[in-house]
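Have a look at the structure below, then the notes.
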Ligand code: MG
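Residue numbers (our numbering): 489 to 945.
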């Protein structure tokens, strides 16, 4: 079955509203997901449903409810909340699964469904394939007397916040006494009703922008440095200790230093890991495209970094098997195992405040102790021929590099790396390189472009 313009990934389906993403598509995938969850749940029928603040969210929400009811699932709707709150609620209620209606950091015209399994993790490749088989076959529907019910749960966000504040190594009283001045940009996403509550419970004095959770994003909602101009100004104008930006579904956190500099989203996980590894023993798990600043942090803590294929669930499942206390992605996605195995910006914010408390010095000074790297990202049209020939050629060209082939090809040297991988959702090949200087990173990208382009000709 072909869905024009629809991006069907392992743990989600997304598209532009009014184009590929229609209520009919949402209903089909929600029903298929519900049938999948019921079939493997051993009698559980509950599915947790939440959404971000997108304008199309209230339109899709009743569609998701009805689709789930139609296959016999009971719906527990947790309202407009961060995606990690939905994941936690699935665990909390021992539900058969969860659906988050969110297109994460994608622009305003997008929406999506994210599929959460009974453990609170996103579906992995095998689970996603099983579910899609049901979506594309005959979805088993319930008869009139087996239809599911719908109930509301208004406590999910509060429970999420309470779990964060109860983390054993979080010195809530100490953080409160510091009265950190925090500038906050929630980009009119679901964070607008969540982040201020958490930060005020941590005693922070807030200067806020874009808190109205109406989904009318005032700037591109991905919390990357180029989108944080307003926040940087707010930090300086309001004399804040730190600036924090989250994406619309609040699983990514980016930081601005007290000097008004966006320090780069790779530093969020690095700093959170620096803090956690003081209190917990174990390895760090991240993906193959994350900055090597995390390796410096690991070395400092006397541990090592394990790299998983790109995709939150790949990192989360590897964290589970390695018993890693901390992990996540370089895009600002922090995963703290003892809270749950999902990217969680609120817990990231709490960990960073604890780090500021323990360090007793400004964020810019903490960062200054580490080498700086430059990441350069490029994309090329995907050649029709398999990329294996390119990978082999590159391995031969760089015999001194360590090669990792879990997910495309990653070549690593002591102070630089390059990662070449086909996108899972677009017909492109991504080339990402990191080195101590921009010129060196650009050279690595050029070295890898050439054989990919040659294959395309
Ligand atoms: Mg997100």
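Just so it is clear, CB atoms sit at the ideal spot from N, CA and C, and this is done for glycine as well.
Asked                                                                                                                           : Found
Through-space distance from residue 561 to residue 858, alpha-carbon basis                                                      : 51 Å
Rounded straight-line distance, which links the Cα of residue 582 to that of residue 629                                        : 23 Å
Three-state class that DSSP yields for residue 897 in the structure shown                                                       : strand
Nearest to residue 852 (by Cα), restricted to the options 638, 759, 716 and 827                                                 : 759
Distance cut-off 6 Å: residue 541 Cβ against heavy atoms of the ligand MG                                                       : no
For residue 793, the residue or residues it bridges with in DSSP                                                                : 772
For residue 726 and residue 619, the rounded distance between their alpha carbons                                               : 49 Å
Three-way DSSP call (helix, strand, coil) for residue 798 in this model                                                         : coil
Distance cut-off 6 Å: residue 735 Cβ against heavy atoms of the ligand MG                                                       : yes
Distance cut-off 6 Å: residue 904 Cβ against heavy atoms of the ligand MG                                                       : no
Check whether residue 737 and residue 571 have beta carbons under 7 Å apart                                                     : yes
Residue 502: CB within 6 Å of a non-hydrogen atom of the ligand MG                                                              : no
Heavy atom of the ligand MG within 6 Å of residue 740 beta-carbon                                                               : yes
Paired residues, beta bridge with residue 946 - DSSP                                                                            : The requested residue 946 is not part of the displayed model; the chain covers only 489 to 945.
Contact test: residue 592 Cβ vs the ligand MG heavy atom, cutoff 6 Å                                                            : yes
Delimiting residues of the alpha helix (DSSP H) encompassing residue 687                                                        : 683-689
Sequence ranges, alpha helix (DSSP H) only - wholly within the stretch 820-877, length at least 4                               : 833-847 and 851-856
For residue 461, the residue or residues it bridges with in DSSP                                                                : Limits of the chain in this structure are 489 at one end and 945 at the other, which puts residue 461 out of reach.
Nearest candidate by alpha-carbon position, reference residue 739, set 873, 757 and 761                                         : 757
Runs of beta strand (DSSP E) wholly within the stretch 589-648 (minimum 3 residues, chain order)                                : 598-604 and 638-640
DSSP state of residue 654 mapped onto helix, strand, coil                                                                       : coil
Contacting residues, own chain, Cβ-Cβ under 6 Å from residue 673 (five flanking each side not counted)                          : 697, 698, 719 and 733
For residue 538: DSSP bridge partner residues                                                                                   : 567 and 588
Strand pairing of residue 919, partner residues [DSSP]                                                                          : 866 and 908
Reduced DSSP secondary structure (H/G/I, E/B, other) of residue 547                                                             : helix
Of the listed residues 497, 898 and 876, nearest to residue 615 (C-alpha basis)                                                 : 497
Cβ distance (whole Å) where residue 743 is taken to contact residue 840 below 8 Å                                               : 7 Å
Cβ contact check for the stretch 811-825 and the stretch 926-934: 3 or more pairs under 8 Å                                     : no
Residue 669 - DSSP class collapsed to helix/strand/coil                                                                         : strand
Alpha-carbon spacing of residue 554 relative to residue 659, whole angstroms                                                    : 44 Å
Inter-residue Cα distance where the pair is residue 766 and residue 787                                                         : 13 Å
Buried or exposed (CB count within 10 angstroms, at least 16 for buried), residue 685                                           : exposed
C-beta atoms of residue 881 and residue 652 nearer than 7 Å                                                                     : no
Three-state secondary structure assigned by DSSP to residue 735                                                                 : coil
Cut-off 6 Å between Cβ atoms - residues of its own chain near residue 921, not counting five sequence neighbours on either side : 864, 906, 929, 932 and 933
Per-residue burial, residue 939 [other beta carbons within 10 Å of its own, 16 or more giving buried]                           : buried
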